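Here the structure comes first, spelled out in structure tokens, and everything after it is commentary.
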Amino acid sequence: MRKIAFFLIGTVAGLVALFSYRTSRGEALAVPAAVAPPSPGPSASPSTPPLPPGARAGDGPVITTEFGQVQVRVVLDGSRLVDVVPLKVHDVHAHSLELNDYALPLLHDAVLAAQGARVDTVTGATVTSQAYLSSLQAALDAAAK
Amino acid sequence: MSSLRRVEMIMGTAISVDIADAAPPEVAAACAEQAFAWFREVDERFSTYKEHSEVSRLRRGEISAGQASDGLRQVLAACADLWTETGGFFDASATGLLDPSGYVKGWSAQVASDRLAAAGLGNHCVNAGGDVCVHGRPGPGRSWRVGVQHPWERDRLAWVLAVEDVAVATSGTYERGLHVVDPFTGRPAAELRSVTVVGADLGAADAYATAAFAMGRAGIDWLAARGDVEWAVICEDGRAYRSPGLPLAPDDATLAP
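Sequence lines, in order, name chains U and B.
Last residue of the first sequence: number 145 in the numbering used here, and the count goes up by one each step with no gaps.
Last residue of the second sequence: number 402 in the numbering used here, and the count goes up by one each step with no gaps.
Next comes the structure, spelled out in structure tokens:
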């Protein structure tokens with residue numbers, strides 16, 4: 001029985017890797033990586049629905065795919081597979097792992113500042129010749145001549 | 146230190162050349178003129194607006210890619226490499242017709258900067274319509290201070306960088322509207338407002354900025370995973386993101402404790 005369950009987990013993990021690529025990054029981050037207890041209760045992961053009466057759940061191994069790490073929970077009613085819940089899913093992009101590792105905690109919700117400071121030049125979206133005339137860069141160029 | 150600063154309108158935008166070396170004025174002026182002659186030549190050959198340009202002739206099928214000049218073949222090969230490297234998001238044919246302008250501007254400014262350095266003018270800044278190459282220093286002990294245009298307030302800056310010997314490219318919609326197309330949907334990319342990439346080469350930095358822009362928010366992930374560039378992104382919702390290693394000036398306001 002246990003072997004069958006883990007065979008299912010492996011197969012399902014592969015399917016999840018194929019189908020879950022649109023799951024949002026926030027959701028992926030909110031889910032704890034730790035394996036939840038295989039029974040319903042208040043300690044279950046907050047993003048997973050409560051188990052139906054009589055059902056039990058088992059968490060699969062964390063599988064590293066080329067898109068990131070994937071882990072699923074299967075819900076069994078007796079020997080019948082009744083649900084598959086993604087616990088850990090990759091983002092739409094292949095490089096989400098790197099972002100999860102270091103970029104998001106540092107960068108999340110930074111506030112855009114508006115500052116005036118002395119600079120030598122300005123980088124920005126390409127201006128038209130006309131728009132240049134009223135740009136910061138034009139003022140800098142005029143001041144330097 | 147004497148300084149020379151010239152501006153010309155070429156490629157439909159403004160190109161500024163700032164030479165900070167203490168070279169004889171006539172030498173600096175001659176080198177600046179050579180740089181502008183190069184930009185005019187590039188415009189004549191690669192403009193999609195000029196009917197007689199080589200790119201226009203290639204688009205009309207009057208010449209084949211095999212018959213193109215060495216310069217154009219080099220540009221097309223670079224665009225093909227960048228298409229692969231960006232997973233197809235930098236696409237010189239995103240609108241259906243070949244338009245290598247997204248690479249040509251940065252590439253030509255990088256070439257101009259390299260030529261100034263080779264001529265002995267190792268301290269200069271070339272700004273081609275918002276894409277910047279800096280080399281050396283603007284003065285003894287100083288770094289080039291490059292402001293990142295604030296995408297909503299025209300006379301303000303979002304960040305201030307302090308850099309030497311790098312390329313800084315910005316892709317944005319706030320000057321000319323929604324002109325970056327997602328090549329996979331054919332629709333204008335609208336999630337991001339501004340993408341700035343700091344790297345070693347302006348042609349590549351410009352292409353990466355355009356590619357990330359076309360990706361939308363996923364472009365932030367894509368930039369973060371690259372080890373070879375620093376970056377700063379402003380989304381349409383006003384949220385700002387930057388790489389931890391972005392070379393901010395010590396007095397940048399976002400560094401305030």
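Every residue gets a Cβ at the ideal spot worked out from N, C-alpha and C, and that includes glycine.
Since this is a predicted model, take the numbers as computed values, not measurements.
Cβ-based burial, residue i [other Cβ within 10 Å; buried from 16]
i: B:Lys-409; result: The shown model of chain B, from 146 to 402, leaves out residue 409 of chain B, and the question about it has no answer.
i: B:Phe-329; result: exposed
i: B:Gly-478; result: Residue 478 of chain B lies beyond the residue range present for chain B, which begins at 146 and ends at 402; the question has no answer from this structure.
i: U:Gln-130; result: exposed
i: B:Ser-238; result: exposed
i: B:Ser-339; result: buried
i: B:Leu-306; result: buried
i: B:Ala-225; result: exposed
i: B:Asp-382; result: exposed
i: B:Ser-192; result: buried
i: B:Asp-396; result: exposed
i: U:Ala-143; result: exposed
i: B:Leu-400; result: exposed
i: B:Gln-219; result: exposed
i: B:Glu-171; result: exposed
i: B:Glu-199; result: buried
i: B:Asp-215; result: exposed
Per-residue DSSP class, three states only, for residue i
i: B:Trp-183; result: helix
i: B:Ser-198; result: coil
i: B:Gly-284; result: coil
i: B:Thr-240; result: coil
i: B:Trp-304; result: strand
i: B:Leu-149; result: strand
i: U:Ala-103; result: Because U:Ala-103 sits at a pLDDT of 42, beneath the cut-off of 50, its placement in the model cannot be relied upon, and the following sentence gives the value as read from the coordinates. In this structure, U:Ala-103 counts as helix in the three-state DSSP scheme.
i: B:Met-154; result: strand
i: B:Leu-323; result: coil
i: U:Val-74; result: strand
i: B:Arg-334; result: This sequence places Ala at residue 334 of chain B; Arg is not what is there. Three-state result, B:Ala-334: coil.
i: U:Ala-36; result: Low confidence applies to U:Ala-36: its pLDDT is 34, below 50, so where it sits in the model is not reliable, and the reading given next is rough at best. If DSSP states are grouped into helix, strand and coil, U:Ala-36 belongs with coil.
i: U:Ala-138; result: helix
i: B:Ala-385; result: strand
i: U:Pro-42; result: At U:Pro-42, the pLDDT of 37 sits below 50, so the modelled position is not reliable; the number obtained from the coordinates is stated separately. Residue state, collapsed to three classes: coil.
i: B:Ile-208; result: coil
i: B:Ser-253; result: helix
i: B:Trp-297; result: coil
i: B:Thr-399; result: helix
i: B:Asp-276; result: strand
i: B:Ala-165; result: coil
i: B:Ala-363; result: helix
Cβ of residue i within 9 Å of any chain U Cβ
i: B:Arg-204; result: no
i: B:Pro-245; result: no
i: B:Met-146; result: For B:Met-146, the pLDDT reaches just 47, beneath the cut-off of 50, and the residue's location in the model is therefore unreliable, leaving the point undetermined.
i: B:Asp-396; result: yes
i: B:Ser-457; result: Chain B is shown only over 146 to 402; residue 457 of chain B falls outside these bounds and no answer can be derived.
i: B:Ala-359; result: no
i: B:His-295; result: yes
i: B:Thr-193; result: no
i: B:Asp-373; result: no
i: B:Thr-229; result: no
i: B:Asp-236; result: no
i: B:Ser-253; result: no
i: B:Thr-318; result: yes
i: B:Asp-310; result: no
i: B:Val-220; result: no
i: B:Val-277; result: yes
i: B:Gly-331; result: no
Test: residue i CB closer than 9 Å to a CB of chain B
i: U:Arg-118; result: yes
i: U:Ala-131; result: yes
i: U:Asp-59; result: no
i: U:Leu-99; result: In this prediction, U:Leu-99 has a pLDDT of 40, which is less than 50 and means its spatial position is unreliable; what the coordinates show is noted afterwards. True, the Cβ-Cβ gap to chain B drops below 9 Å.
i: U:Val-122; result: yes
i: U:Leu-136; result: yes
Proximity test, residue i beta-carbon vs the ligand MN heavy atom, cut-off 8 Å
i: B:Thr-341; result: For the ligand MN, the structure offers nothing, since it holds no ligand at all.
Neighbour list for residue i in chain B, Cβ cutoff strictly below 7 Å
i: U:Leu-76; result: Per Cβ cutoff of 7 Å: no residues; U:Leu-76 is ~35 Å from chain B at best.
Interface partners of residue i on chain U, CB under 9 Å
i: B:Ile-164; result: Near B:Ile-164 there are no residues of chain U at all, since even the closest Cβ is about 11 Å away, more than 9 Å.
i: B:Arg-321; result: Ala-125, Thr-126, Val-127, Thr-128, Ala-131
i: B:Trp-289; result: Val-119, Asp-120, Thr-121
i: B:Ile-208; result: Going along chain U, no residue has its Cβ under 9 Å from B:Ile-208, so there is no contact; the nearest lies around 27 Å.
i: B:Ala-303; result: Leu-112, Ala-113, Ala-114, Gln-115
Residues that residue i contacts on chain U, provided the C-beta gap is smaller than 8 Å
i: B:Tyr-248; result: Those do not exist, as B:Tyr-248 stays about 13 Å from chain U at its closest Cβ, beyond 8 Å.
i: B:Thr-341; result: Thr-123
Neighbour list for residue i in chain U, Cβ cutoff strictly below 7 Å
i: B:His-269; result: Chain U residues near B:His-269: none, gap ~11 Å exceeds 7 Å.
i: B:Glu-298; result: Ala-114
i: B:Arg-185; result: Per Cβ cutoff of 7 Å: no residues; B:Arg-185 is ~14 Å from chain U at best.
i: B:Pro-283; result: Asp-120
Proximal chain B residues relative to residue i, where beta-carbon distance stays under 8 Å
i: U:Ala-55; result: In chain order: nothing, as chain B lies at least about 36 Å away.
Three or more C-beta pairs below 8 Å linking the stretch 273-291 of chain B and the stretch 361-375 of chain B: No, the stretch 273-291 of chain B is not in contact with the stretch 361-375 of chain B.
If contact is defined by three or more beta carbon pairs under 8 Å, each pair taking one atom from either stretch, is the stretch 119-137 of chain U in contact with the stretch 310-328 of chain B? Contact between the stretch 310-328 of chain B and the stretch 119-137 of chain U is established, with three or more Cβ pairs separated by less than 8 Å.
Evaluate contact between the stretch 257-271 of chain B and the stretch 352-366 of chain B, counting only Cβ atoms and requiring at least three cross-stretch pairs below 8 Å. Contact between the stretch 257-271 of chain B and the stretch 352-366 of chain B is absent, because fewer than three Cβ pairs lie under 8 Å.
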